[in-house]
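Position 735 of the sequence shown, counted from 1, bears residue number 746 in my numbering, the numbering being contiguous throughout. In what follows, a structure is listed as structure tokens, so that the remarks can point back to it.
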Amino acid sequence: MLEKTFEPKAAEPRIYAQWEDSGLFAPRAAKPTDGAADAYSIVIPPPNVTGSLHIGHALNNTLQDILARYHRMKGKAVLWLPGTDHAGIATQMVVERKLAAEGNIGRRDMGRDAFIEKVWDWKAESGGTIVRQLRRLGSSCDWSRERFTLDEGLNAAVRKVFVQLHKDGLIYRDKRLVNWDPHFQTAISDLEVEQKEVDGAYWHFAYRLSDSVTYEHPVAFDEDGKATEFETRDFIVVATTRPETMLGDTGVAVHPEDERYKGLVGKFVTLPITGRRIPIVADDYADPTKGSGAVKITPAHDFNDFGVGKRAGLEALNVMDAFGRITAADTSDVPAEYEGMDRFAARKAIVARAEEEGWLREIEKTKHMVPHGDRSGVVIEPWMTDQWYVDAKVMAQPALKAVEDGATVFEPKSYEKIYFEWLRNIEPWCISRQLWWGHRIPAWYGPNGEIYVAETEEDAREQALSDYDSEVVLTQDEDVLDTWFSSALWPFSTMGWPEKTEDLERFYPTSDLVTAADIIFFWVARMMMMGLHFMDGEVPFKRVIINGLVRDEKGQKMSKSKGNVIDPLNIIDELGADPLRFTMAILSGTRDIKLSKQRIEGYRNFGTKLWNAARFSQMNEARRVEGFDPAGVQQTINRWIRGELTKAERQVSDAIEGGRFDDAAGALYRFIWNVFCDWYLELAKPVFNGSDEAAKAETRAMTAWTIDQTLKLLHPVMPYITEELWAELGKEGAARDSGRDGLLMGETWPVLPDAFVDASAEAEIGWLVDLIGEIRALRAEMNVPPSAKPPLAFVGPDTVTAERIARHRDLILTLGRVSEVAVAEAAPTGAVTFVSGGATVALSLAGIIDLAAERARLEKEIAAFDSDIGHVNKKLGNPNFVSRAAPEVVDEQRAKLAEAEEGKARLQAALKRLESL
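Structure below.
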């Protein structure tokens, strides 16, 4: 007999060990008859080796595991390939902090080789945390194939790709603007930049026109916006939030159609402090409606200005060093007093000087977004520096065509727009990082600055011999590659490329990729580019399933500072992995998933409902029977549940195949809770307790068979509780003849014939279910006491209905909690009526409820709903509220309104019924 409750804390480690020991996580052996459709493969988005399981991981890996378990049960050879990312900047930061906490010397004092050795030591000791946590979630990855982006095989793949792309002219070295982190002393990707709103200001500076030039500037306007007064000016006003960058200004931009400045284009201004003569240029980037309409241009310290500088041929002057300190390295006109000054100290000094000399015209306080390093927390500096780049525009073209032609599809399809938009406007990809932990760039420099790109130093030396008569000292590039570079090779490098391996032959291209929308361009697009380039034009995956972002119950982003983070490991400790997984699946159909602990607790109750149903079935001796064939059942309820199970199997299968995990979980919930537990077992009780032994035996066998099939359907979503029930229920009744090691995980997915759906049984039980449901709803609406049993009468039933009444009289009495079931020519006085099937049904309430008190109750509750509706409508009718309130707050009010209107309509219907008595 099953225990009273399922104890996940004790069961989950034991069950996972059984799965892992069984070998079922690995792909099944190949068969001579296997074709491409018999393999299913998916590569895990590699979490950072420094990471710990967060709620986004829980969502993403739950969905992947559902796919892997489903296709495994469908008989396919399934490869779910796991691994972790070396996470360059994050790992280096963790180890540096650890060394500092232990009182060690810094990495620069330690030296590169010694520091890298320390990182590998840390990885061996602590780098497996996230992998262990994925196991706790129930992830059925093939851990025997686990990869790490810095393991030797992937190292070789990265070197080969870099060298080949360099030979193809698709990797090159260039001086361009990058996101520079002055703390970590490295370029970082856009994904590692966090925009923070800060209090700042626009400082309005007057730049003096050179060569005694003046112009007439409008200062007054009529009601049509036409200038009516002018003043003669010998200056032009620009505004900036970063005064320190003015030391690097090489131009002022105005819009080509701005009448105020048309005559100044081609003229010059004299830059304060430096005395530098810089041109006024026309460019669409300048917005005539913002500020003065004139913009200072600093090509070496602003991404937009860099573009203007390129178009206008302006010089890019770097006036900061790698630490964010002012330097005159690129230009001698920066006064010595600023040399070595921190950028923010320089800001104060420049503003003070502008005020003193009279060219500060205004300080406009503002809040604005400022980029910060997500790891360092310091303000990021756009900075000109020599880096390695991939010609992403060229590589993007095949990746665009592959999705346009349908070789790879996105689910939902709307995400293709993000993919297309980014690839069609793609910039060169900066792939070098000034770190030590990572794939060191396979480029060596000769004594005279020559660059030799090769897979090994030996190959680089051979190249150098073409420039030198004898061996010379070569120095390898100090930088490492962007982490996303190695991740871009993940689908094929993890399967053994550049070798021609059996895994590549069998499992590439992969079937699905499940990932988040925020890395469509950082990862998905780059995998497409690399896969198509190096795998003979084959896409790396046939379908990309985009999962949503998990937010809190109010729709707000989770953050430690807000205190609204839900830790999946705490949830697993308290409630088990299955409720978390089911919640992730059933909520996965939206872009923003609103999650609360209460929601997860609700789905723990769902698991408990199934467990109790299995115990109830055990207590009623429902066991598997040797040779039982569900096709031959005779009892109406058994033919009905067989059809309902068949429909559920279709719905679940179709939903998982289509990547609609919410639909699959919803279908499972409806069948298990609403159909099997609430109705079938209730309808089976009289049979279990009756005297018809043949009906009893058939219903017991049918119940056991249905539970077995249900456990199979639910297993991909809730694997632990289903595996435990499978094992425990397997101890009774006839032995099962399939599976591996007796594990549900190794069972075959049920595919039930269409003939299992019985239209007559469906119609009859559907009628009974609707009837009981209507009686129960009516009792609730009319506030009928639970102990009261009013009489029920059918008025003028047709022949089919009369036969159904006769067959199911006892069930109607019990489940409807009525005192009698009669057939009448007219509805009794004091009865509430409704239509069911081919008859009018009358529930007599006279003498059971206080009509006056009930009428008063309903009117009071309707008035309360009216008040709520009025209050919410007032809010939603206020344009200021709708435009200024957070979207989730507006959505909450709209949902509140819909709920109130539905409640009011329900009570009004009840009042109308009451008034008819």
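No residue lacks a Cβ here, since even glycine has one placed at the ideal position from N, Cα and C. Note that this is a predicted model, so its numbers are computed, not measured.
In this structure, Pro551 sits near Pro502, with a CB-CB distance shorter than 8 angstroms. Distance from the CA atom of His266 to the CA atom of Leu580, rounded to whole angstroms, is 56 angstroms.
Ranked by Cα distance from Tyr81, the options Asp861, Glu792, Leu755 and Val780 are led by Leu755. In the DSSP annotation of this structure, Asp665 is not part of any beta strand (DSSP E); the continuous alpha helix (DSSP H) holding it starts and ends at Thr647 to Glu668.
Counting the other CB atoms within 10 Å of its CB gives Lys428 a total below 16, which places it among the exposed residues. Its chain contains Leu90, Phe518, Thr521 and Ser522 as the residues whose beta carbon lies nearer than 6 angstroms to that of Ser52, once the 5 sequence neighbours on both sides are disregarded; these appear in chain order. Inside the stretch 70-105, DSSP marks whole beta strand (DSSP E) runs of 3 or more residues at positions 88-92, from first to last along the chain. Glu735 counts as buried, since no fewer than 16 other beta carbons sit within 10 angstroms of its beta carbon.
The three-state secondary structure of Met380, taken from DSSP, is strand. Per DSSP, the unbroken beta strand (DSSP E) holding Ser855 starts and ends at Ala850 to Ser855. Counting along the chain, Trp191 sits inside the beta strand (DSSP E) bounded by residues Ile182 to Asp192. Nearest to Glu792 by alpha-carbon distance, out of Thr851, Asn889 and Ala916, is Ala916. The three-state reading of DSSP puts Cys441 in strand, counting E and B together. Ile127: member of the alpha helix (DSSP H) spanning Arg123 to Ser137, first to last residue. Put simply, the backbone Cα of Asp578 is about 53 angstroms away from that of Ala217.
Nearest neighbour of Arg661 by Cα position, chosen from Gln720, Arg271 and Gln206, turns out to be Gln720. In its chain, beyond the 5 residues on either side, Glu899 have a beta carbon closer than 6 angstroms to the beta carbon of Lys565. Asn329 sits buried, since 16 or more C-beta atoms from the chains shown fall within 10 Å of its C-beta. When DSSP states are grouped into helix, strand and coil, Arg253 belongs to the coil group. The three-state secondary structure of Asp529, taken from DSSP, is helix.
Looking at the backbone, the Cα of Glu903 and that of Val780 are separated by about 33 angstroms. Between Asp584 and Gly654, the gap from beta carbon to beta carbon reaches 8 angstroms or more. For Asn889, the number of other beta carbons within 10 angstroms of its own is below 16, and it is reported as exposed. Out of Ala22, Pro56 and Lys42, the CA that lies nearest to the CA of Phe533 is found in Pro56. Leu591 has its alpha-carbon roughly 16 angstroms from the corresponding atom of Gly600. Nearest to Val280 by alpha-carbon distance, out of Asp222, Glu270 and Thr251, is Asp222. The continuous stretches of alpha helix (DSSP H) do not include Glu227, which lies in the beta strand (DSSP E) extending over residues Tyr226 to Phe232. When the five nearest sequence neighbours on each side are left out, the beta carbons in the same chain lying within less than 6 angstroms of the beta carbon of Asp397 are those of Lys186, in order along the chain.
Listed in chain order, the beta strand (DSSP E) elements of length 3 or more contained wholly in the stretch 267-342 are 279-281, 288-293 and 305-308.
By DSSP's assignment, Lys207 forms a beta bridge with Val381.
Residue environment for Asp529: exposed (fewer than 16 other C-beta atoms within 10 angstroms of its C-beta). The beta-carbon separation of Leu74 and Phe672, rounded to 6 angstroms, stays under the 8 angstroms limit for a contact. For Leu161, no alpha helix (DSSP H) run applies, since DSSP gives it neither H nor E. The Cβ neighbour count for Asp809, taken over all protein chains shown within 10 Å, is under 16; the residue is labelled exposed.
Burial state of Lys87 is buried, judged by a 10 Å Cβ sphere holding 16 or more other Cβ atoms. Under DSSP, Asn558 shares a beta bridge with Ala527.
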